[in-house]
Amino acid sequence: MVTLHVTRELARALKLPGKLAADSSAAGSTLGPWSLGLVHCRPAKFVVAVSASTRWAMALHAAPLATLQERFGPALLLNLLALGVPPDHARAEVDAHAPVQWALSHDRGVLAHLNQCAADVLWAANDGMSLPSVNQRLAERIVIKPQAGIPSTEVLRLLGGDPDSVSARMRAQGVEWHDLYALMQAQAGQEVVTMPVLRLLGAERLEARHQATILMDRLPVDPRRSLASGRSPRWVPRELVLDLQGIEVAGPAFAAAFHDEALALGLRQITLHNALEEVATQLLQFQ
């Protein structure tokens, strides 16, 4: 059995009694108990959950709230598998969560982390990120207090996955960033600049508005150039080629923001290379 501690707001939305008698002696799971809160995003509300033992967080759709208890296990399974937990270990952890009991009290440290994650989910969802991307973002959070490190690393350590893979991936990303910076800087002053979008952003799904800003900030730095908008000095080529190899989705929020960024920089021509038809359609509708 696992205990789901809910905030007062979520308890009211669930129509739970004002007082809940949780069985503190019940055997728990490796990741439980959990603290849950409601996040008022657009277009749909989310519930964010934080594991007390690891501070790892995940989000799931709030509606329909009547089935939240039943949907918690399947959502947990999907997110554990996405982290790299072996399927049999993930299934065993989910099975250990049944049955579920509600509670109202919270550990103060867990509640503080829940509030931080809820703010992160609110920003990410309103920026255009889908639920899978929101959960990927949560999996990459770093905890300073009460324990240092990456919560997903602790989840993998406890559930039989490869915790070193998380740190190795982050180190590899650091090395990749230096290589990519050199690649982009080598194109400064050229009339045509090519951007390997997947390598620059590290995401197959281009959904959020801030991704467009980050992408444009990867243009070569040109200290001799000044822009009327007050933006950082960048080399603005005659033609920008976006190599979209490996990009699976380009959502409307990203497409609109990218178009605005291109206009602000004064880009005259954008060419798409290696783009899926759906991705090209989404990006070209604003040209």
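My numbering applies: residue 80 is where the sequence shown begins, and numbers increase by one.
Beta carbons: idealized from backbone N, C-alpha and C, even for Gly.
* To do: Within the same chain, show all residues whose beta-carbon is closer than 7 Å to that of M295, passing over the 5 residues directly before and after it, in chain order.
  => E340, L344
* According to DSSP, is Q324 helix, strand or coil? -> coil
* If you follow the alpha helix (DSSP H) that L183 is part of, which residue opens it and which one closes it? -> No alpha helix (DSSP H) holds L183; DSSP gives it neither H nor E.
* **7 Å CB neighbourhood of A90 in its chain, flanking five on each side removed** => L183
* Asked: Can you name, in chain order, every residue of its own chain whose Cβ lies under 8 Å from the Cβ of A267, other than the five neighbours on each side?
  -> P299, V300, D301, W314
* In chain order, what residues of the same chain have a beta carbon less than 8 Å from the beta carbon of N214, not counting five sequence neighbours either side? -> M137, A138, N158, A161
* Where H289 sits in the DSSP three-state scheme -> helix
* Keeping to the same chain, check which residues put their C-beta closer than 8 Å to that of E327; ignore five residues upstream and five downstream. => E283, R284, L355, V358
* Status (buried if at least 16 other CB within 10 Å, exposed otherwise) for G207 -> buried
* To do: Leaving out five residues on either side along the sequence, give the residues of the same chain with a beta carbon under 6 Å from the beta carbon of R216.
  => A203
* Asked: Between the beta-carbon of L362 and the beta-carbon of A334, is there less than 8 Å?
  -> yes
* Asked: Would you report the Cα separation of E255 and M274, rounded to the nearest angstrom?
  -> 14 Å
* Asked: Roughly how many whole angstroms lie between the Cα atoms of V118 and N205?
  -> 11 Å
* To do: Sort out for me which residues DSSP pairs S246 with in a bridge.
  => Answer is none; S246 lacks a bridge partner.
* According to the Cβ coordinates, are S231 and A218 closer than 8 Å? -> yes
* **Check whether R415 and H192 have beta carbons under 8 Å apart** => Here the chain covers residues 80 to 366 and nothing more, so residue 415 does not appear.
* For T82, which beta-bridge partners are listed by DSSP? -> Q180
* Asked: Going by the beta-carbon positions, is the gap between H185 and L155 smaller than 8 Å?
  -> no
* Asked: Under 7 Å from any heavy atom of the ligand NAP, does the C-beta of E327 make it?
  -> With respect to the ligand NAP, the structure shown offers nothing to examine, as it has no ligands at all.
* Asked: Quick one: Cα of L346 to Cα of D243, how far?
  -> 42 Å
* **Pick from A332, N353, A336 that is closest to R121, judged by C-alpha positions** => A332
* To do: Flag this pair as yes or no: are the beta carbons of R317 and V276 separated by less than 8 Å?
  => no
* Asked: Residues in its own chain within less than 8 Å of K395 by CB, not counting five upstream and five downstream?
  -> Nothing about residue 395 can be reported from this structure: the residues present for the chain run from 80 to 366 only.
* Just the C-alpha distance for V222 and D199, rounded to the nearest angstrom, thanks. => 13 Å
* What's the call for E286, buried or exposed, on a 16-neighbour Cβ count within 10 Å? -> buried
* Asked: DSSP state of W256, grouped into three classes?
  -> helix
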